[in-house]
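For the sequence shown, the residue numbers in this note's numbering are 2 to 510.
Here is the structure we will look at.
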Amino acid sequence: MAILVVAAILRTFRLDTFPPGLYADVAANGLDALGVPQQGLRVIYPRGTGNGIEGMISWLDAITVALVGGKPIALYLTTVVIGLVTLPIHYLLGSRLFGRRVGLISTALLAVSFWAVHYSRLGYRTALVPLFLDLAFLLLVWAIQRGAAWRWALAGAVVGLGAYTYTSYRAVALVIAGVIVLRILSKRELAGPRSSWAAYLLAAAVVAAPLWIATLLHPEVLNRAAGVSVLGGGPVLALPIRLFDHAWRTLAMFNLWGDPERQYNIPHLPFFDPLVGLAFLAGIAVAVKRWRKSRYALLLVWLGVFTLVVGLSDRTPHMLRGSGLVPAAYLLAAVGLDAVLQKLWPRRAALLAAAVFVVSLAWTATFYFAVYPTLPGLYLEFMGDRVDVGRFMDATDWNGRKLYVAITYTRSGTVNPDPFRAIPIRYITAGHATWAFLDYRRIRDLPADVPIAVVVDARDRVVLGLLTQRFPDGGVAYVLPLPQRPVAVFLHGDGGPFHPAASHPYSNW
């Protein structure tokens, strides 16, 4: 219980202001959630042309959005709950595999890990993967140990249900197959009768069938999976070099050099803190030595398969896609720490394990709450400016003006419309302000006899220049003084008085 209390504090402290925004990918999940009452639950939700995501996160977001409303914190609370529910499931798995002591150590370290705290607060569907992997293997071990067809069917159903979480989860099939192969290589019979395995596979197939059918009917949703692989770009002759580069970067992420993306990590902060990182290496050594035992083989294959997922990504390390390795990594760290302490200091093992927990807690609290918020540009990185724009649009009386939002980005000297960055605005204004995204290339087509208001970045000379050419009598009537990126309101036509809403400090509420 004490571990859960600490975990809850870490996952909710300052959640009203940090993360300082709502990234478009998470906001898109929120839009899907807002549509659930009218459209029902979907197996796959579309994401632009030739892309889509699994539906479970939006199903769960629909609950928090219904309770809290269309606010950023609603989507963050979803993953906070997911992260907290993961912990007792992880404890049960660790205890069943290695005993209560290892289960407790692993759960305590996971509860205060930087990765688990950060991703429990981010709103991404990847937070579901550790929960469903822990639950899937817990129920499988339970079925093997206790028997009964219904237990096998339940374990299979949960494995199938996990397919609706995140694309990389599907590698669970490789983990199960790998453990079976290692068991055969060690000349041991398959645990459980074949009829039970048949029930397990059948239940998994039935539960996952709607997803596979939807994928077969719309194979274009697989395009993104191909596009985010190291195999998907660059010259073929350079592939060996790319693979080698990805291999060492992936291995280094655990203890040396982590994910560089500011949204996913403090740039290059390793996955483990120093003490847990050493325990992890000790755990690997213990597991390799005992690989013929299925519980150790499970951890090695589990870690290996999902580390490979990270290594084969288009960039690495990429800890958003590494969520599947997290439970295995912390179970190995607990195995290693317990083995070292029991061998060297058996009488003080509990005290020393508690000390490692405290150090890990201090590491996460310092880096997450003291260091991370000071990184420059996080407000823009998390699109906090777009959330504030949406709230400004909601609170302003536009007096019948037709409202537009124009956002652009420049790549290789070419200006492009950027509807992606308008997604947080759509989420915030859903059911409130009515507006349309304005492709700057269509400005010339806007009618001259209709009063309009265009919300645009105040430094966007391209859009403002085209608006001035199209509407010489119009102009910037107000500049919203947002941090780092002020936003202008361009007005044209006689739409009555314009009284812009006051700006307020950023909040996720």
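All C-beta atoms in this analysis are idealised placements derived from N, C-alpha and C, irrespective of residue type, glycine included.
In the structure shown, the three-state DSSP call for residue 157 is helix. Around the beta-carbon of residue 190, fewer than 16 other beta-carbon atoms lie within 10 Å, marking it exposed. Burial check for residue 2: the Cβ neighbour count within 10 Å stays below 16, so the residue is exposed. Contact between the stretch 313-322 and the stretch 335-343 is not established, with fewer than three Cβ pairs separated by less than 8 Å. Among the bridge pairs identified by DSSP, residue 479 is matched with 490.
If one requires a minimum length of 4 residues, the alpha helix (DSSP H) runs lying completely within the stretch 376-413 are 379-382 and 385-396, in chain order. Residue state for residue 245 is assigned as helix, using DSSP reduced to three classes. The beta-carbon distance between residue 32 and residue 428, rounded to whole angstroms, is 5 Å. This is short enough to meet the 8 Å contact definition. Rounded to the nearest angstrom, the gap between the Cα atoms of residue 381 and residue 485 is 8 Å. The three-state reading of DSSP puts residue 433 in coil, since its state is none of H, G, I, E or B. Residue 159 holds the alpha-carbon nearest to the alpha-carbon of residue 132 among 159, 155, 145 and 144.
Three or more beta-carbon pairs separated by less than 8 Å are not found between the stretch 393-400 and the stretch 360-380, which leaves the two stretches without contact. Residue pairing from DSSP places residue 53 in a beta bridge opposite 47. The alpha-carbon of residue 202 is positioned some 28 Å away from that of residue 314. Membership of residue 474 in any beta strand (DSSP E) is not indicated, and neither H nor E is assigned to it by DSSP. Taking a cut-off of 8 Å on C-beta distances, the stretch 122-136 touches the stretch 12-31, as three or more cross pairs fall below it. Secondary structure of residue 374 (DSSP, three-state): helix. According to the DSSP assignment, residue 75 belongs to the alpha helix (DSSP H) that extends over 73-99.
Here DSSP, grouped into helix, strand and coil, assigns residue 119 to helix.
When DSSP states are grouped into helix, strand and coil, residue 418 belongs to the strand group. Between the beta-carbon of residue 354 and that of residue 90 there is about 21 Å, and that puts the pair past the 8 Å contact cut. Under the DSSP assignment, residue 267 falls outside any beta strand (DSSP E); it carries neither an H nor an E label. Taking all protein chains in view, the Cβ of residue 245 is surrounded by fewer than 16 other Cβ atoms within 10 Å, so the residue is classified as exposed. Residue 488 and residue 386 have their C-alpha atoms roughly 9 Å apart.
A residue is called buried once 16 or more other Cβ atoms fall within 10 Å of its Cβ, and residue 345, having fewer, is exposed. Residue 29 and residue 79 have their C-alpha atoms spaced approximately 14 Å apart. The continuous alpha helix (DSSP H) containing residue 135 extends over residues 129-147.
Exposure of residue 187 is indicated by the presence of fewer than 16 other C-beta atoms within 10 angstroms of its C-beta. Exclusion of the five residues before and after residue 291 leaves 297 as the residues of its chain whose Cβ lies within less than 6 Å of its Cβ. Scanning its chain for C-beta atoms nearer than 6 Å, with the 5 sequence neighbours on each side dropped, one finds around residue 130 the residues 166, 167, 170, 324 and 325, in chain order. Inter-residue distance for residue 247 and residue 261 is about 14 Å (C-alpha atoms, whole angstroms).
For residue 444, no beta strand (DSSP E) segment is defined, and its DSSP state is neither H nor E.
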